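Structure first, commentary second.
Protein chains: 2
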Amino acid sequence: MFGTGYIFWRGGDGIREEFGALGTREGVGFMAEATIRDVAREAQLSVASVSRALNGHKSVRPETRARIVAVADRLGYVPHAGARSLSMARSNAIGVVLPDLHGEFFSEIVRGMDREATRLGLQLLLSNMHADPVQAGQALRAMHGRVDGLLIMCPQMRTEGWVGSMPRGIPAVLLNTPEPMMDHPSMAIDNRAGAAAIARHLIDLGRRHIVHIAGPDHNIDARERREGFEDAVRKLAPDATVTVLSGDFNEDTGEDAANIILKENMKVDAIFAANDMMAVGCLQALRAAGKRVPEDIAIAGFDDVPIARYLALTTARVNIADIGARAVIRLTQIMNGGEGANDGVEVHEPELVIRGTTVTTH
Amino acid sequence: MFGTGYIFWRGGDGIREEFGALGTREGVGFMAEATIRDVAREAQLSVASVSRALNGHKSVRPETRARIVAVADRLGYVPHAGARSLSMARSNAIGVVLPDLHGEFFSEIVRGMDREATRLGLQLLLSNMHADPVQAGQALRAMHGRVDGLLIMCPQMRTEGWVGSMPRGIPAVLLNTPEPMMDHPSMAIDNRAGAAAIARHLIDLGRRHIVHIAGPDHNIDARERREGFEDAVRKLAPDATVTVLSGDFNEDTGEDAANIILKENMKVDAIFAANDMMAVGCLQALRAAGKRVPEDIAIAGFDDVPIARYLALTTARVNIADIGARAVIRLTQIMNGGEGANDGVEVHEPELVIRGTTVTTH
DNA sequence: TTGTATGCGTTATCAA
DNA sequence: TTGATAACGCATACAA
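Protein chains in written order, with my numbering: chain G, 2 to 363; chain B, 2 to 363.
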């Protein structure tokens, strides 16, 4: 099962013909790559010296070090990161557990994390957290013993499923997770403020017949955006109406909403979708049906994904990549022993971006 | 340095007060999480039995297993994945080494890989390969001993920098890498065919004054697209001219190209950009300057990133996510001992997608 | 069916 | 400055 089909690695010259002396589990000719012991033997020194030399310790004679480096080089020795982690109790990797994310959200957040992780010399271990709590637990547990810290995003309302299997032995930063768990620093988007900003903008434009395309209600972001929007409209313009249509954050449900509006011939002069993708789907469908945007109907979204700019979609900008990057930074601070000031939630305020789907540009 | 600032994990009840007996490197009260030995001691059994029980071996009495599971549960025991990998010489993780990718390419490829990896119960270990060969080597070496296989993308022409530090001990699949290395299966895009399809399309439309916005010349994709395009045009319409402007795959260089065309008042009726992002930048700049697309100038790109569809950009579609997913599948086949038929390069043919930037839709 | 002992590849402690 | 050796946490021959 194991040890077949591999393309073996030979860094230096001689093939290790004496590997049997070290023993091999398979018993067959598994041509292993050079280990620290091979280097030690070849250099006529102890493994301890090799380890010290290769890790830049001072207490090793330059001459000795040179000999070791030469041998290591010749054998193509590469330290076994797994063994190193086990011995040092440090992996220089951080685990990232994400749910099934819609569209560009996934990309942007991973991108931001990757940017910062690379800068800090950390590796990112990715794992999906499915809605299924069992799988979520598995994903979480698979991280134990491989990473120094955890970045967990789970905007679903139900946290009971996985909090139980959350390793408490390693630091973790939570993203967009409802009811921030005690002792865990977290990152959050001020969805209410963003939605309120959109509301104010639409109301200022004189719109009063508003439709909100909501995201799934078990999603914390979706819920906060809806509530924040409804509250703001109620306060700013009691005479306005907000009709809520349901979506799932995907483009086609935005299209569905548009079709409902068209078919029912609803009286609508503004639409606020809980995210950009639904806004985009709605926008396209409406324009295809001959509606003028923004003249007849103004449309706004949330997130400011890259596409939004090209379609001139008014939206509440969330710098997703930055949030990911910030999460990595906070996590490493904790990992490196930074004590105080790391707890609590770091709230990111969305920024209203006004574009052509709500105001005419000329 | 280590062991401070952590939020410790206690799964069951009692705090291990006897950890000192097991020894600890720090000497201080590092409250470690339960290990297999804790479970064994608590259950009054050997670690071997615990291991067998928890890994579903048959040779363990149901009664014994139950006792073990109960204890493990109570102590909140989670196997240490790192130690497990070391012992089993298998990590269930695959390493992904990517260069600094432009725009959505990164997202899409990681997305496809993640999709398949999740399905196969594998974790993805991400690492950036910078242009700097030294860093590239580091990224590669850091993977040694943590992953069972490697997915490497490096479209840069210069491979000397990192091939040397490529672990040959583990299977690897190369993506978009020039001069496919011997013994290494690889994935490639048929850039020439895609570019030729675009060429034919533009020529069929009667366009003869063509500009090509090229990508960086040290990039294999960029080079192949340029050469394939020039060759095709030369063959299909010897009377046509192709002027090459240089870009770097980013949107703004597409814009730059447009400005050059405008400022020089070049006679141009078609533009083929080496990727969508440059095409988009060019498109926006041209339209902003009052040019009619496609009437005055037809524009085509390459890749079919999500944005392309919304802007109705004609392009050569590459299913990036699928390539990533396929790479994972091929890799696992090799990892699982699938012998033949895994070598060689798997070529993905782009598909011509005709949209509104080259033909009027009504 | 269960226990004992060894090895995985590395780092760190302590003595030389 | 160097070497012998015990961890790290787990899996597995082999013996009982």
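The beta carbon of each residue, even a glycine, is placed where N, CA and C say it ideally should be. The model shown is predicted, which means the values in this text are computed figures rather than measured ones.
Close to chain G, meaning a Cβ-Cβ distance shorter than 9 Å, are the following residues of the stretch 57 to 83 of chain B: Gly77, Val79, Pro80, His81, Ala82 and Gly83.
Contact check between the stretch 243 to 261 of chain B and the stretch 68 to 88 of chain B: fewer than three CB pairs, one atom from each, fall below 8 Å, which does not count as touching.
Residues are counted here when their Cβ sits less than 9 Å from a Cβ of chain B; for the stretch 240 to 273 of chain G the count is zero. Only those residues of the stretch 140 to 159 of chain G whose C-beta falls short of 8 Å from the nearest C-beta of chain B are listed: Arg142, Ala143, Met144, His145, Gly146 and Arg147.
Secondary structure note for Arg201(B): its alpha helix (DSSP H) is the uninterrupted segment Asn192 to Asp205. If you draw a straight line from the Cα of Gly83(B) to the Cα of Arg38(B), it comes to about 16 Å. For the pair His213(B) and Asp344(B), the CB atoms are not nearer than the 9 Å cut-off.
Within the stretch 273 to 341 of chain G, the complete alpha helix (DSSP H) segments at least 4 residues long are 277 to 289, 307 to 311 and 321 to 336, listed from N- to C-terminus. In the three-state reduction of the DSSP assignment, Asn129(G) falls in the strand class, which pools E and B. Sequence-ordered contacts of the stretch 107 to 135 of chain B with chain G read Phe107, Ser108, Val111, Arg112, Asp115, Thr119, Gln124, Leu125, Leu126, Leu127, Ser128 and Asn129 [C-beta pairs closer than 7 Å]. Nearest in C-alpha terms to His131(G), of all of Gln124(G), Leu121(G), Val98(G) and Ser88(G), is Val98(G). Nearest in C-alpha terms to Ala275(B), of all of Asn266(B), Ala258(B), Ile110(B) and Leu287(B), is Ala258(B). In the DSSP assignment, Pro100(B) forms a beta bridge with Met130(B). Contact with chain B is found for Ala94(G), since one of that chain's Cβ atoms lies less than 9 Å from the residue's Cβ. Contact check for Thr244(G) against Val281(G) fails: the beta carbons are separated by 9 Å or more. The count of Cβ pairs closer than 8 Å, one atom from the stretch 169 to 176 of chain B and one from the stretch 194 to 204 of chain B, stays below three, leaving the stretches out of contact. Contact between the stretch 137 to 150 of chain B and the stretch 89 to 98 of chain B is present: three or more C-beta pairs spanning the two stretches fall below 8 Å. In terms of CA proximity to Val70(G), Ser50(G) leads the group Ser50(G), Glu34(G) and Arg288(G). Spatial neighbours of Arg159(G) in its own chain (CB-CB distance under 8 Å, excluding positions within 5 residues in sequence) are listed in chain order as Pro134 and His219. Taking Val346(G) as reference, the option from Thr359(G), Ile324(G) and Gly357(G) with the minimal CA-CA separation is Ile324(G). Assignment of beta-bridge partners to Glu352(G) by DSSP yields Arg318(G). Membership of Ser247(B) in the beta strand (DSSP E) is indicated by the continuous run Thr242 to Ser247. For Gly122(B), no alpha helix (DSSP H) encloses it, and the DSSP letter there is neither H nor E. The closest CA to that of Arg224(G), considering only Ala137(G), Ser128(G) and Asn177(G), is found on Asn177(G). The C-beta of Asp205(G) has fewer than 16 other C-beta atoms within 10 Å across all chains shown, which makes the residue exposed. Less than 9 Å separates the beta-carbon of Ser247(B) from that of Pro217(B). A Cβ-Cβ distance of about 6 Å is found for the pair Pro295(G) and Val360(G), placing them in contact under the 8 Å criterion.
Around the beta carbon of Gln157(G), a 10 Å sphere encloses 16 or more other beta carbons of the protein chains shown; the residue is thus reported as buried. For Arg42(B) against Ala54(B), the beta-carbon gap comes to about 15 Å, at or over 8 Å, which does not count as contact.
Between Ser128(B) and Leu125(G), the gap from beta carbon to beta carbon is short of 9 Å. No Cβ-Cβ contact shorter than 9 Å links Ser166(B) with Leu203(B). Residues of the same chain with a CB within less than 7 Å of the CB of Asp115(G), apart from the 5 flanking positions on each side, are Leu125 in chain order. When the Cα atoms are used, Val348(G) and Gly357(B) turn out to be separated by approximately 42 Å. Of all residues in the stretch 273 to 303 of chain G, the ones placed with a Cβ closer than 9 Å to any Cβ belonging to chain B are Val281 and Gln285, in chain order. A straight-line Cα-Cα distance of about 25 Å links Ala326(G) and Gly138(G). Looking at the DSSP output, Val234(G) bridges to nothing.
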